[in-house]
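Notes follow once the structure below has been shown.
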DNA sequence: TTCATTTTATGAACAGTGTTCAGTAAGTTT
DNA sequence: AAACTTACTGAACACTGTTCATAAAATGAA
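Chains as they are written, first to last, in my numbering: chain A, 9 to 210; chain B, 9 to 210.
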């Protein structure tokens, strides 16, 4: 049936129209200044229409989060170019931190905000993040016994936590307490990440 | 003038009444279910009255954050009992992580939420956190050259970031991606913190 | 005590939020 | 052409933080 196909296609196009508008507004205006009404205005539909395509705002946010994870994964593929696994691990960490610096609002949505996670019903599942996490896990596997860790899961969580800790303290303005001049904050974050990598290596 | 003294005292009592009610609601009901109207209801005043004592919600939140930092500092003093600085550093990190596990909503207010930081006008100042941060910085100083770090600021940021990274990934449900059974999440967080301490030591 | 002034508290309103739903208009099938 | 289905929306609901004119109470001066 050609019509049902077209209808399905149009439905997907509408969903894309909505999340593209949402994503653009998150990046440009920030998360807090982006409401359902704002998104509706931008795409020239009524707010109620959005609810025909997404159950609620959380579900919409989860979808945008998915797009953001695609961008992160693309950054990984583009920036992690070395063959030596230890070098790859370093490139990965800096790619991750850099993503946080360049897209703080997307980072928020991916790793800090509560809202999008409310759309994940399953207790132990978060498909949006799988691809990126596996990318990290694979690199750590390839490092074999070159790291001072016995457990690869702990190694992965260690790398992730130091990266996330640095970025989120920065994004949420907690590094203020160290009273560093503004242009040195980035430097000390990068230096701390480098030191962590150094300590991890055998 | 006795009357002005009493008035000032009453003003401070009213401010305390408000933040105590707010704090109790954050802990009991969670941050998202605590509105100015809810707090006003609890203390049996009109919402408008709260604005006679606090400029806006952000200022109120900043004050509650200050109370939360007092509690964190008290936990440090109570739980960091060793004399050896390396041991003290370990006790501090676990005290910090434990605080996050036991008071996730206060941790939110202290280290994750944007709102309370909007009440900090100064670019490079965050008095609420000073005491707790200096406690960490002092311990690291006392470690002297026993750590594999040249720069004490980097050592401090490294410890803080790993602790914050672990807690905030947990609180905001991002550790889901590792697909661990619920009772093992705490274990792997603690194990990762322990490994970090091990790597830091000479 | 009486009157004027200052302090303290509030009801009602404003502009915003996410969300629902009856009603309308357009598209599709018979 | 009529019946049915799908797509869309205006208006409303219950909530949010915040402001402000108004009222009540406390204080100071006569």
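Idealized CB from N, CA, C, for every residue including glycine.
Does at least one heavy atom of the ligand GTP sit under 8 Å from the Cβ of residue i?
{"i": "residue 205 (chain A)", "result": "Summarising the ligand content, the structure contains no ligands, and the ligand GTP is consequently not present."}
Evaluate residue i with the Cβ neighbour count: other Cβ atoms within 10 Å of its Cβ, from every protein chain shown; 16 or more gives buried, anything less gives exposed.
{"i": "residue 211 (chain A)", "result": "This structure cannot settle anything about residue 211 (chain A), because the visible part of chain A is limited to 9 through 210."}
{"i": "residue 185 (chain B)", "result": "buried"}
{"i": "residue 57 (chain B)", "result": "exposed"}
{"i": "residue 90 (chain A)", "result": "exposed"}
{"i": "residue 82 (chain B)", "result": "exposed"}
{"i": "residue 195 (chain A)", "result": "exposed"}
{"i": "residue 182 (chain B)", "result": "buried"}
{"i": "residue 159 (chain B)", "result": "exposed"}
{"i": "residue 92 (chain B)", "result": "exposed"}
{"i": "residue 43 (chain A)", "result": "exposed"}
{"i": "residue 200 (chain A)", "result": "buried"}
{"i": "residue 15 (chain B)", "result": "exposed"}
{"i": "residue 65 (chain A)", "result": "buried"}
When you compare the CB positions of residue i and residue j, do they come within less than 9 Å of one another, or not?
{"i": "residue 50 (chain A)", "j": "residue 127 (chain A)", "result": "no"}
{"i": "residue 202 (chain B)", "j": "residue 155 (chain B)", "result": "no"}
{"i": "residue 78 (chain B)", "j": "residue 148 (chain B)", "result": "no"}
{"i": "residue 70 (chain A)", "j": "residue 112 (chain A)", "result": "no"}
{"i": "residue 94 (chain B)", "j": "residue 170 (chain B)", "result": "no"}
{"i": "residue 108 (chain A)", "j": "residue 35 (chain A)", "result": "no"}
{"i": "residue 55 (chain A)", "j": "residue 132 (chain B)", "result": "no"}
{"i": "residue 103 (chain B)", "j": "residue 119 (chain B)", "result": "no"}
{"i": "residue 33 (chain B)", "j": "residue 61 (chain B)", "result": "no"}
{"i": "residue 144 (chain B)", "j": "residue 162 (chain B)", "result": "no"}
{"i": "residue 121 (chain A)", "j": "residue 80 (chain A)", "result": "no"}
{"i": "residue 165 (chain B)", "j": "residue 197 (chain A)", "result": "yes"}
{"i": "residue 76 (chain A)", "j": "residue 25 (chain A)", "result": "no"}
{"i": "residue 46 (chain A)", "j": "residue 37 (chain A)", "result": "yes"}
{"i": "residue 87 (chain B)", "j": "residue 99 (chain B)", "result": "yes"}
{"i": "residue 105 (chain B)", "j": "residue 68 (chain B)", "result": "no"}
{"i": "residue 204 (chain A)", "j": "residue 176 (chain B)", "result": "no"}
Taking 9 Å as the CB-CB cut-off, is residue i touching chain A?
{"i": "residue 204 (chain B)", "result": "yes"}
{"i": "residue 125 (chain B)", "result": "yes"}
{"i": "residue 4 (chain B)", "result": "Nothing in the structure corresponds to residue 4 (chain B), since chain B is present only between 9 and 210."}
{"i": "residue 200 (chain B)", "result": "yes"}
{"i": "residue 81 (chain B)", "result": "no"}
{"i": "residue 197 (chain B)", "result": "yes"}
{"i": "residue 184 (chain B)", "result": "yes"}
{"i": "residue 154 (chain B)", "result": "no"}
{"i": "residue 161 (chain B)", "result": "yes"}
{"i": "residue 59 (chain B)", "result": "no"}
{"i": "residue 141 (chain B)", "result": "yes"}
{"i": "residue 146 (chain B)", "result": "no"}
{"i": "residue 14 (chain B)", "result": "no"}
{"i": "residue 138 (chain B)", "result": "yes"}
For the alpha helix (DSSP H) that residue i lies in, which residues bound it at each end?
{"i": "residue 71 (chain A)", "result": "65-87"}
{"i": "residue 38 (chain B)", "result": "No alpha helix (DSSP H) contains residue 38 (chain B), which DSSP labels as neither H nor E."}
{"i": "residue 113 (chain A)", "result": "112-115"}
{"i": "residue 190 (chain B)", "result": "190-208"}
{"i": "residue 91 (chain A)", "result": "Segment: none, residue 91 (chain A) is in no alpha helix (DSSP H) and carries neither H nor E."}
{"i": "residue 59 (chain B)", "result": "55-61"}
Would a check of beta-carbon distances place residue i closer than 9 Å to chain B?
{"i": "residue 111 (chain A)", "result": "no"}
{"i": "residue 94 (chain A)", "result": "no"}
{"i": "residue 54 (chain A)", "result": "no"}
{"i": "residue 151 (chain A)", "result": "no"}
{"i": "residue 189 (chain A)", "result": "yes"}
{"i": "residue 119 (chain A)", "result": "yes"}
{"i": "residue 72 (chain A)", "result": "no"}
{"i": "residue 169 (chain A)", "result": "yes"}
{"i": "residue 104 (chain A)", "result": "no"}
{"i": "residue 174 (chain A)", "result": "yes"}
{"i": "residue 208 (chain A)", "result": "yes"}
{"i": "residue 128 (chain A)", "result": "yes"}
{"i": "residue 131 (chain A)", "result": "yes"}
{"i": "residue 40 (chain A)", "result": "yes"}
{"i": "residue 194 (chain A)", "result": "no"}
{"i": "residue 157 (chain A)", "result": "yes"}
{"i": "residue 177 (chain A)", "result": "yes"}
{"i": "residue 181 (chain A)", "result": "yes"}
Where in the segment 132-178 of chain B do unbroken runs of the alpha helix (DSSP H), each at least 4 residues long, occur, reported from the N-terminal end onward? 135-151
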